[in-house]
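Residue numbers for the sequence shown follow our numbering, beginning at 1 and rising by one.
Glycine included, every Cβ here is placed at the ideal spot set by N, Cα and C.
Take a look at the structure below.
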Amino acid sequence: MVDSWIHFNFGPSATVPLLLGVFAVCFGLVSMVVKEWLFVSETLVAFLFGVGFGPAGVGAISPADWVDVPSFTLELTRLIIAIQVMAAGITLPNQGNLTDKYLYRRYLWTELKSLLILLGPVMTWMWITSAVAIMLVFRLGFIESMLIASCVAPTDPVLANSIVKGKFAEAKVPQHVRNIISAESGANDGLGYPYLYLALYLLKFSTKEALTRWFIVVVLWEILVSVVLGGIIGWCARKLLQYARERDWVDHDSFLSFAISLTLLTLGIVSL
1 MVDSWIHFNF
11 GPSATVPLLL
21 GVFAVCFGLV
31 SMVVKEWLFV
41 SETLVAFLFG
51 VGFGPAGVGA
61 ISPADWVDVP
71 SFTLELTRLI
81 IAIQVMAAGI
91 TLPNQGNLTD
101 KYLYRRYLWT
111 ELKSLLILLG
121 PVMTWMWITS
131 AVAIMLVFRL
141 GFIESMLIAS
151 CVAPTDPVLA
161 NSIVKGKFAE
171 AKVPQHVRNI
181 ISAESGANDG
191 LGYPYLYLAL
201 YLLKFSTKEA
211 LTRWFIVVVL
221 WEILVSVVLG
231 GIIGWCARKL
241 LQYARERDWV
251 DHDSFLSFAI
261 SLTLLTLGIV
271 SL
């Protein structure tokens with residue numbers, strides 16, 4: 001009778017936090033060995049861990065049984081990328097404090113030429129060369145290859161951490177190179193968007209209609225309006241934070257979490 005009183009929960013509500021906890025604890029114990037001795041990023045280790053315990057591995061968890069995998073993956077990656085892009089932005093060097101009127105402006109203006117070169121001709125060349133390589137290797141059409149290449153051409157801010165942070169990066173990669181990689185990786189995720197939709201529209205519509213839709217919907221509406229909204233939100237947030245800090249209304253913990261809160265706010269607004 002006692003056995004009927006005791007139940008074990010092997011559902012996702014137990015297995016998912018269990019596996020996340022196992023990974024976090026185990027990786028935390030050997031993180032220095034993995035990242036500084038073996039030069040393997042935590043992103044790759046987490047990916048292999050998920051594959052090993054997922055449906056393709058031992059099958060300990062099967063997300064398809066309890067969530068809509070495409071939608072869940074999309075929203076989760078949007079959130080992760082948004083936080084990482086914000087982190088890349090706030091780690092850029094500046095010569096003032098966090099309430100400085102010219103916060104980050106000095107670095108962006110100083111490196112404006114380098115950023116424009118990386119985000120313009122260099123990224124476009126990466127997109128084209130990636131598309132050609134994909135077309136030759138996988139025997140796809142050029143437009144289909146352009147679509148895939150638009151996903152691999154931008155520098156991922158999460159993966160870029162392996163060469164901009166840590167003892168190895170500090171010892172082997174110059175500071176100015178790490179800074180420009182952080183700035184470029186944070187900016188080009190958004191700039192990969194027009195390349196993606198250009199290929200999608202070329203697949204669905206005629207060339208003239210595709211270019212017209214792409215310019216009006218993607219460039220003018222979704223990108224330009226998002227940039228304006230981001231500028232307005234950032235300016236208002238800086239003013240409000242500066243105002244609150246000058247009057248000692250913000251405690252230390254809330255001040256540190258302000259960037260994440262601002263990320264969620266911005267993500268929610270532009271998703272409307």
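* Expressed to the nearest angstrom, what Euclidean distance is found between the alpha-carbon atoms of residue 99 and residue 77? -> Low local confidence applies: a pLDDT of 47 at residue 99 is under 50, so the model's placement there is unreliable, with the coordinate-based value given in what follows. Taking the straight line joining both Cα atoms gives about 30 Å.
* Asked: Should residue 82 and residue 264 be called a contact, given that it needs their Cβ atoms to be closer than 9 Å?
  -> yes
* residue 232 lies in the alpha helix (DSSP H); which residues open and close that run? -> 225 to 246
* What is the C-beta distance between residue 136 and residue 183, in whole angstroms, given that I count them as a contact (C-beta under 8 Å)? -> With 8 Å as the limit, residue 136 and residue 183 do not qualify as a contact, their Cβ atoms being about 32 Å apart.
* Three-state class that DSSP yields for residue 253 in the structure shown -> helix
* Asked: So the alpha helix (DSSP H) residue 91 belongs to, where does it begin and stop?
  -> That residue, residue 91, is in no alpha helix (DSSP H); it is neither H nor E in DSSP.
* To do: Evaluate residue 13 with the Cβ neighbour count: other Cβ atoms within 10 Å of its Cβ, from every protein chain shown; 16 or more gives buried, anything less gives exposed.
  => exposed
* Asked: Can you list, in chain order, the stretches of the alpha helix (DSSP H) that have 4 or more residues and sit fully within the segment 38 to 93?
  -> 42 to 53, 69 to 90
* To do: Could you give the DSSP three-state label for residue 178: helix, strand or coil?
  => helix
* The alpha helix (DSSP H) with residue 152 in it runs from where to where? -> 142 to 152
* Considering only C-alpha positions, which residue in the set 16, 26, 113 is nearest to residue 67? -> 16
* Between the beta-carbon of residue 154 and the beta-carbon of residue 179, is there less than 9 Å? -> no
* To do: Starting from the C-beta of residue 19, find all residues in its chain whose C-beta is less than 6 Å away, skip the five residues before and the five after it, and write them out in chain order.
  => 53
* Cβ-based neighbour list, residue 148, same chain, cut-off 7 Å, excluding 5 preceding and 5 following -> 134
* Evaluate contact between the segment 197 to 215 and the segment 248 to 258, counting only Cβ atoms and requiring at least three cross-stretch pairs below 8 Å. => no
* Asked: Taking Cβ positions, are residue 192 and residue 150 nearer each other than 9 Å?
  -> yes
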